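Same order as they appear, the protein sequences are chains V and F. Numbering-wise (this note's numbering), the first sequence opens with residue 278 and increments by one. Numbering-wise (this note's numbering), the second sequence opens with residue 278 and increments by one. Worksheet for the structure shown next.
2 protein chains.
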Amino acid sequence: MGRIEIRRNILEANENLARRNRDFFASNDVLVVNVMAAPGAGKTSTILKTIESLADQYAFAVIEGDMASRIDADVMAERGIPVEQINTGNMCHLDANMIREAAGKFTYDRPTILFIENVGNLVCPSEFSLGEDLNIVIASTTEGHDKPYKYPSIYLRADAVLINKIDLLEAMEFDRKMFCDGVAAVKPMPPLFEISCRNGSGLDDWACWLASECERKLGGTRGKLAEG
Amino acid sequence: MGRIEIRRNILEANENLARRNRDFFASNDVLVVNVMAAPGAGKTSTILKTIESLADQYAFAVIEGDMASRIDADVMAERGIPVEQINTGNMCHLDANMIREAAGKFTYDRPTILFIENVGNLVCPSEFSLGEDLNIVIASTTEGHDKPYKYPSIYLRADAVLINKIDLLEAMEFDRKMFCDGVAAVKPMPPLFEISCRNGSGLDDWACWLASECERKLGGTRGKLAEG
Numbered sequence: 278m279g280r281i282e283i284r285r286n287i288l289e290a291n292e293n294l295a296r297r298n299r300d301f302f303a304s305n306d307v308l309v310v311n312v313m314a315a316p317g318a319g320k321t322s323t324i325l326k327t328i329e330s331l332a333d334q335y336a337f338a339v340i341e342g343d344m345a346s347r348i349d350a351d352v353m354a355e356r357g358i359p360v361e362q363i364n365t366g367n368m369c370h371l372d373a374n375m376i377r378e379a380a381g382k383f384t385y386d387r388p389t390i391l392f393i394e395n396v397g398n399l400v401c402p403s404e405f406s407l408g409e410d411l412n413i414v415i416a417s418t419t420e421g422h423d424k425p426y427k428y429p430s431i432y433l434r435a436d437a438v439l440i441n442k443i444d445l446l447e448a449m450e451f452d453r454k455m456f457c458d459g460v461a462a463v464k465p466m467p468p469l470f471e472i473s474c475r476n477g478s479g480l481d482d483w484a485c486w487l488a489s490e491c492e493r494k495l496g497g498t499r500g501k502l503a504e505g
Numbered sequence: 278m279g280r281i282e283i284r285r286n287i288l289e290a291n292e293n294l295a296r297r298n299r300d301f302f303a304s305n306d307v308l309v310v311n312v313m314a315a316p317g318a319g320k321t322s323t324i325l326k327t328i329e330s331l332a333d334q335y336a337f338a339v340i341e342g343d344m345a346s347r348i349d350a351d352v353m354a355e356r357g358i359p360v361e362q363i364n365t366g367n368m369c370h371l372d373a374n375m376i377r378e379a380a381g382k383f384t385y386d387r388p389t390i391l392f393i394e395n396v397g398n399l400v401c402p403s404e405f406s407l408g409e410d411l412n413i414v415i416a417s418t419t420e421g422h423d424k425p426y427k428y429p430s431i432y433l434r435a436d437a438v439l440i441n442k443i444d445l446l447e448a449m450e451f452d453r454k455m456f457c458d459g460v461a462a463v464k465p466m467p468p469l470f471e472i473s474c475r476n477g478s479g480l481d482d483w484a485c486w487l488a489s490e491c492e493r494k495l496g497g498t499r500g501k502l503a504e505g
């Protein structure tokens, strides 16, 4: 069996598990948001700020993916947020099987947004479905405006793009137009939110959009359950 | 054949090619520096500044690794630096075979430092030898001080660590001690250079260290060639 065939088999097996996860989440009124970004773009901060914004409306849970450590999981736990840490060892991404195990440890007694913070990596996470409803890519002004050109596959998967650290846009000479042109070269421009986890700007718009997606999904699910 | 065995075979085949690359580079008086970092940490800027510093002493060549685009190769070419772009498609790292092909396209008529700018990724490049003499990891203050804890494998491989964007250390609340403790938890602390490609600080020390490594390697090579 060749390398390409092995790779295809791995991806197919993952897709099958991702479909099962999707059924599990739908039947438990869970909206799943897969958060992907380069290391240090602000995944943890964005998740925390979003939970603060929407804490009155939904329950939350977080799965933290890292090769090692439980630094981010500790941050969540300190704030009383239900969290599971996955340490991937030498693996560069989360996969559907890891999510199945971790997600099964939460209790879902009301509509829940489950954030999955993927391993910080702009390449490998884009290939592995987890059973998510939304894929979010967080860019940051400090990492430069050329990333969509260099890492197109992750932007291809994005249902929304966040540009974090927008308070540093000018200091970083971040070219917003070049960035957006790069995303638009890969796919029709998805919703874009410019945010700063430091000064809070733009977070309301993003949280508002996420809540509307959540209503669409969970409203739909509840409708189906009522019919069934 | 199982997944683990396939993985081992791939890594072994790569090691064999890396050894051949190493022989090729040694016989051509080339010091090879594999530059690894997260996206946007400043790999290209650091390479450019280093070449500026040492242009009188060595010839230079650069191999640029990216999934897509030739943005960084164009930057090098504009400055008259011999450069080859490798586009990896959906691959998350460079491997020894890619380097063999690209490196064969340069002419080496005097002692040369060859920089390999790996794909921006703190996970996968750490597993694949390229035939390099030195592995350099560039962190940046903007990506945070916790990365050695989360991505230990790449730091385990580092012969030197650079902290770039050091001019933003205070603004970013980058905890130097926490960062260093994280590296030292993985391996005996390698040489560490705090640099700013923006204001030039620290670059002389780094270039000086690199030149000394180069003398050690190429001096040694020339010695051996003279003996042979």
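Ideal Cβ placement from N, Cα and C applies to all residues, glycine included. All values derive from a computational prediction rather than experimental measurement.
Rounded straight-line distance, which links the Cα of residue j to that of residue i
i: residue 466 of chain F; j: residue 366 of chain V; result: 22 angstroms
i: residue 433 of chain V; j: residue 464 of chain V; result: 6 angstroms
i: residue 430 of chain F; j: residue 473 of chain V; result: 30 angstroms
i: residue 468 of chain F; j: residue 411 of chain F; result: 12 angstroms
i: residue 316 of chain V; j: residue 393 of chain V; result: 15 angstroms
i: residue 445 of chain V; j: residue 399 of chain V; result: 21 angstroms
i: residue 459 of chain F; j: residue 493 of chain V; result: 43 angstroms
i: residue 487 of chain F; j: residue 404 of chain V; result: 37 angstroms
i: residue 501 of chain F; j: residue 327 of chain F; result: Residue placement at residue 501 of chain F is poorly supported in this model, since its pLDDT is 48, which falls under 50; the coordinates are not used for a value here.
i: residue 489 of chain V; j: residue 455 of chain F; result: 40 angstroms
i: residue 338 of chain V; j: residue 496 of chain V; result: 19 angstroms
i: residue 290 of chain F; j: residue 309 of chain V; result: 39 angstroms
i: residue 379 of chain V; j: residue 363 of chain V; result: 8 angstroms
i: residue 475 of chain V; j: residue 351 of chain V; result: 20 angstroms
i: residue 453 of chain F; j: residue 441 of chain F; result: 12 angstroms
i: residue 448 of chain F; j: residue 416 of chain F; result: 16 angstroms
i: residue 426 of chain F; j: residue 401 of chain F; result: 16 angstroms
i: residue 388 of chain F; j: residue 346 of chain V; result: 42 angstroms
i: residue 371 of chain F; j: residue 283 of chain F; result: 18 angstroms
i: residue 491 of chain V; j: residue 332 of chain F; result: 57 angstroms
i: residue 457 of chain V; j: residue 305 of chain F; result: 44 angstroms
Residue nearest to residue i in terms of C-alpha spacing, selected from the options
i: residue 340 of chain F; options: F:361, F:334, F:450, F:322; result: F:361
i: residue 438 of chain V; options: V:401, V:482, V:449, V:450; result: V:482
i: residue 408 of chain F; options: F:332, F:401, F:444, F:301; result: F:301
i: residue 484 of chain F; options: F:307, F:318, F:334, F:313; result: F:334
i: residue 373 of chain F; options: F:384, F:442, F:342; result: F:342
i: residue 450 of chain F; options: F:487, F:428, F:423; result: F:423
i: residue 383 of chain V; options: V:297, V:445, V:307; result: V:307
i: residue 318 of chain V; options: V:471, V:391, V:489, V:491; result: V:471
i: residue 390 of chain V; options: V:370, V:290, V:447, V:311; result: V:311
i: residue 461 of chain V; options: V:387, V:442, V:435; result: V:435
i: residue 480 of chain V; options: V:427, V:443, V:386; result: V:443
i: residue 348 of chain V; options: F:491, F:441, F:428, F:453; result: F:428
i: residue 418 of chain V; options: V:314, V:296, V:385, V:284; result: V:314
i: residue 295 of chain V; options: V:406, V:491, V:387, V:441; result: V:406
i: residue 397 of chain F; options: F:325, F:452, F:414, F:354; result: F:414
i: residue 297 of chain F; options: F:375, F:368, F:385; result: F:375
i: residue 354 of chain F; options: F:325, F:283, F:385, F:320; result: F:325
i: residue 320 of chain F; options: F:395, F:491, F:332; result: F:395
i: residue 386 of chain V; options: V:330, V:299, V:368, V:359; result: V:359
Exposed unless 16 or more other CB atoms sit within 10 angstroms - verdict on residue i
i: residue 478 of chain V; result: exposed
i: residue 288 of chain F; result: exposed
i: residue 357 of chain V; result: exposed
i: residue 421 of chain F; result: buried
i: residue 281 of chain V; result: exposed
i: residue 292 of chain V; result: exposed
i: residue 344 of chain F; result: buried
i: residue 279 of chain V; result: exposed
i: residue 286 of chain F; result: exposed
i: residue 336 of chain F; result: buried
i: residue 506 of chain F; result: The structure shown does not extend to residue 506 of chain F, since chain F spans only 278 to 505, so no value can be given for it.
i: residue 303 of chain V; result: buried
Residue i Cβ short of 8 angstroms to the ligand NAP heavy atom set
i: residue 333 of chain V; result: Although the ligand NAP was asked about, the structure shown includes no ligands whatsoever.
Chain A within 9 angstroms of residue i, Cβ atoms only
i: residue 424 of chain F; result: No chain A appears in the structure shown, which is made up of the protein chains V and F.
Jot down the residue ranges of each uninterrupted beta strand (DSSP E) in the region 394-427 of chain F, minimum 3 residues, whole runs only, in chain order. The region 394-427 of chain F contains these whole beta strand (DSSP E) runs: 411-417.
Any beta strand (DSSP E) of 3 or more consecutive residues that is wholly inside the region 282-310 of chain F: Segments of the beta strand (DSSP E) lying fully in the region 282-310 of chain F: there are none.
What residue ranges within the region 447-471 of chain V form continuous beta strand (DSSP E) runs of no fewer than 3 residues, ordered along the chain? Here the runs fully enclosed are 469-471.
Jot down the residue ranges of each uninterrupted alpha helix (DSSP H) in the region 331-360 of chain F, minimum 4 residues, whole runs only, in chain order. Listed in chain order, they are 348-355.
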